[in-house]
Amino acid sequence: MNYVGLESTAVCHVVAMPFPGRGHINPMMNFCKLLASRKHDILITFVVTEEWLGYISSEPRPESVRLVTIPNVIPPERLKAVDFPGFYEAVMTKMEAPFEQLLDQFEIPVTAIIGDIEVRWAISLGNRRNIPVAAFWTMSATFLSMLYHFDLFKQNQKSPPNLSGQVDYIPGISSSHLAELQKVFQKNDQRVLQLALECISKVPQAQYLLFTSIYELEPQVMDTMKDTFQFPVYPIGPAIPYLELEGNLSGTNYSHMAPDYLQWLDSQPKDSVLYISLGSFLSVSSTQMDEIIAGLQDSGVRYLWVARGEASRESIVPPIIRRIVAQSGWNSIQEGVLAGVPFLALPIAADQRPNSKLIVEGKGRGQNAYGAARKKLRRKARELQEIAGVMQEFGSIPNAIPSELVRNADPIGFIEATLTKDGGSI
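Counting from 56, one number per residue, gives the positions in the sequence shown under my numbering.
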């Protein structure tokens, strides 16, 4: 497709640089699509590796969102799990040069960069070239606050919490969240942790901070982040396909769609199916998966299990889905929140432990949303009867997520105005 005419009339040229992973690319692309839908004289250049172009090039997107590639200078996706520290380090050290060369080739100067925080060099590169950068965080604000205050955590990790269960050295963070964080640090590869902390140390140098979160889910932490940084901080809402959401949650019939699983789903009673998604990268072992499957079979619960390699989802969460079993990734949690269904959390690694704590215990206004008899399904569960019992009990929990939680204000309109207003920084 020829973009020359579009470029020549574009008011604002935004370049998006995601971390090369499904849980990062999807939310950034969804945000870019939504931004493009609100502003017709904007051009968004979405940068991926040549390998990732093959994965996402067929997915629909507005004409004003174009895909541009850099060479495959990092290990392929199939090897990511084999040596994630090596993959992570390659992203930090190998992608910057081809990305900067790409910027020099654009006919229209870049007016803004949306850079994933875990792409360590994006903020520094923008500052070096006098291009404003919106730092993009694809996990919870709670987890970013934990990592940003890592030094305080290390200094005080042996100090007992006060009687309220809160800790005074990281505002808005509970002692139970810090207990989960300690588990994350103990289990995480120290090389990866150090690189992640280096990435987060760059955030104060950005011009904007975008959270893919809802303010009502993390109000205290959001307020803390706004007080911490000397630039605008925006909770942009869940970065999921808003434009398809209404149709997908209003009784869509899937019989015209080719995939068999959608036809099967459409044939089931409403609120009768357990939806299971254990992530696109981090997942359970084959032995654990076999145990969970056997427990599901014994429970008699209808379920749809989405595994890596499946066709792209045609919907977010259809009305047939009654419950979600997920690994507690931030994207999955927010899809469930907007669909109004409860979670059975199975945290595996990284931010999933603090996320599961948010689901089970609730936080701020999220207490009403997540307060109904939720459980964690422990990774180490070995008794199939226990798994079956958990599934049966979970299937009987009534939905209890109030609709007001998902009625977020229009953050995209506000961000769009900031990006394009006369005299604005971007």
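Each residue gets a CB set at the ideal place from its N, CA and C atoms; glycine is no exception.
All figures in this text were calculated on a predicted structure; none of them were measured in a lab.
Problem set entry | Inter-residue spacing [alpha-carbon to alpha-carbon] between LEU90 and GLN352 | Residue numbering aside, residue 90 sits at position 35 when the sequence shown is read from its first letter. Residue numbering aside, residue 352 sits at position 297 when the sequence shown is read from its first letter. The straight-line gap from Cα to Cα measures roughly 43 Å.
For this session: Assign ARG121 to one of three DSSP states: helix, strand, or coil.
Result: What you label residue 121 is simply residue 66 of the sequence shown in a count that begins at 1. Of the three classes helix, strand and coil, the one that applies to ARG121 here is strand, per DSSP.
Problem set entry | Distance between TYR330 and TRP360 (C-alpha atoms, nearest Å) | Along the sequence shown, read from residue 1 onward, the residue named residue 360 stands at position 305. Along the sequence shown, read from residue 1 onward, the residue named residue 330 stands at position 275. The alpha-carbon atoms of TRP360 and TYR330 are separated by roughly 6 Å.
Exercise. Nearest-angstrom Cα distance between ARG437 and THR279?
Worked result: Here residue 437 refers to the residue found at position 382 when the sequence shown is read from its first residue. Here residue 279 refers to the residue found at position 224 when the sequence shown is read from its first residue. With a pLDDT of only 44 at ARG437, under 50, the local geometry of the prediction cannot be trusted, and the value read off the model is given with reservation. Distance between the alpha carbons of ARG437 and THR279 is about 41 Å.
Problem set entry | Pairwise C-alpha distance: ILE388 and MET147 | For the purposes of this step, residue 147 is taken as residue 92 along the sequence shown, with counting starting at 1. For the purposes of this step, residue 388 is taken as residue 333 along the sequence shown, with counting starting at 1. Computed Cα separation, rounded: 28 Å.
Exercise. Going by C-alpha distance, which of TYR203, ASP206, SER256, ARG246 is nearest TRP176?
Worked result: Position 121 of the sequence shown, counted from the start, is the residue given in the question as residue 176. The shortest Cα separation from TRP176 among TYR203, ASP206, SER256, ARG246 belongs to SER256.
For this session: For the beta strand (DSSP E) containing ASP326, list its first residue and its last residue.
Result: Here residue 326 refers to the residue found at position 271 when the sequence shown is read from its first residue. Taken as a continuous stretch (DSSP letters only), ASP326 belongs to no beta strand (DSSP E), as it is neither H nor E.
Problem set entry | Proximal residues to GLU105 (C-beta, below 8 Å), its chain only, five neighbours per side dropped | The residue given as residue 105 occupies position 50 in the sequence shown. These residues qualify, in order along the chain: THR124, ILE125, PRO126, ASN127.
Exercise. Does the separation of the CB atoms of VAL188 and ILE172 fall below 7 Å?
Worked result: Position 133 of the sequence shown, counting from 1, holds the residue named residue 188. Position 117 of the sequence shown, counting from 1, holds the residue named residue 172. Against a cut-off of 7 Å, the Cβ pair of ILE172 and VAL188 comes out as no contact.
For this session: Decide yes or no for the touch test of the stretch 150–160 against the stretch 262–270: beta carbon pairs closer than 8 Å, at least 3 of them.
Result: no
Exercise. TRP192 lies in the beta strand (DSSP E); which residues open and close that run?
Worked result: Within the sequence shown, the letter at position 137 stands for residue 192. From DSSP, the beta strand (DSSP E) with TRP192 extends over 188–192.
Exercise. Where does VAL258 land, buried or exposed, given buried means 16+ other C-beta within 10 angstroms?
Worked result: Along the sequence shown, one-based indexing puts residue 258 at 203. Buried, because 16 or more other Cβ atoms sit within 10 Å of the Cβ of VAL258.
Exercise. Taking DSSP as the reference, what is the three-state secondary structure of ASP138?
Worked result: By 1-based counting over the sequence shown, the position of residue 138 is 83. The answer is coil: DSSP assigns ASP138 none of H, G, I, E or B.
Exercise. What are the residues that DSSP puts in a beta bridge with ALA167?
Worked result: On the sequence shown, residue 167 is found 112 positions in, with the first residue counted as 1. Answer by DSSP bridge pairing, in chain order: VAL69.
Problem set entry | Where the beta strand (DSSP E) through TRP360 begins and ends | One-based indexing of the sequence shown puts residue 360 at position 305. Residues 358–361.
Problem set entry | ILE168 CB to nearest heavy atom of the ligand COA below 6 Å | In the structure on display, the ligand COA does not appear, and there are no ligands present to speak of.
For this session: Check the C-beta distance from ILE169 over to VAL276 and give it rounded, since I have them as a contact under 8 Å.
Result: Here residue 169 refers to the residue found at position 114 when the sequence shown is read from its first residue. Here residue 276 refers to the residue found at position 221 when the sequence shown is read from its first residue. Wrong, their Cβ atoms sit about 22 Å apart, outside the cutoff.
Exercise. Anyone know if the C-beta pair for LEU98 and SER112 falls short of 7 Å?
Worked result: As a working mapping, residue 98 is identified with position 43 in the sequence shown. As a working mapping, residue 112 is identified with position 57 in the sequence shown. In this structure, SER112 does not lie closer than 7 Å to LEU98 by Cβ.
Exercise. If we count the other Cβ atoms within 10 Å of its Cβ and call it buried at 16 or more, is HIS79 buried or exposed?
Worked result: Reading the sequence shown from its first residue, position 24 is the one you call residue 79. With 16 or more other Cβ atoms within 10 Å, it is buried.
For this session: Return the CA-CA distance between ALA190 and LEU202, expressed in angstroms with no decimal places.
Result: Here residue 190 is taken as the residue at index 135 of the sequence shown, counted from 1. Here residue 202 is taken as the residue at index 147 of the sequence shown, counted from 1. Answer to the nearest angstrom: the Cα atoms are 15 Å apart.
Exercise. Nearest CA to the CA of ILE129: which residue from ALA145, ASP96, ASP345, GLU151?
Worked result: Looking up residue 129 in the sequence shown gives position 74. It is ALA145 whose Cα lies nearest to the Cα of ILE129.
For this session: May I have the straight-line CA-CA distance separating VAL102 from PHE74, to the nearest angstrom?
Result: Numbered from its first residue, the sequence shown carries residue 102 at position 47. Numbered from its first residue, the sequence shown carries residue 74 at position 19. Going by the C-alpha atoms only, they are around 10 Å apart.
Exercise. Roughly how many angstroms lie between the CA atoms of ARG121 and ILE186, to the nearest whole one?
Worked result: On the sequence shown, residue 121 is found 66 positions in, with the first residue counted as 1. On the sequence shown, residue 186 is found 131 positions in, with the first residue counted as 1. Taking the straight line joining both Cα atoms gives about 20 Å.
Exercise. With DSSP run on the structure shown, which of helix, strand or coil describes ILE269?
Worked result: Position 214 of the sequence shown, counting from 1, holds the residue named residue 269. Looking at ILE269 - three-state DSSP - the assignment turns out to be coil, as it is neither helix nor strand.
For this session: Grab the span of the beta strand (DSSP E) containing PRO75 for me, first residue to last.
Result: By 1-based counting over the sequence shown, the position of residue 75 is 20. Note, PRO75: premise wrong, no beta strand (DSSP E); not H, not E.
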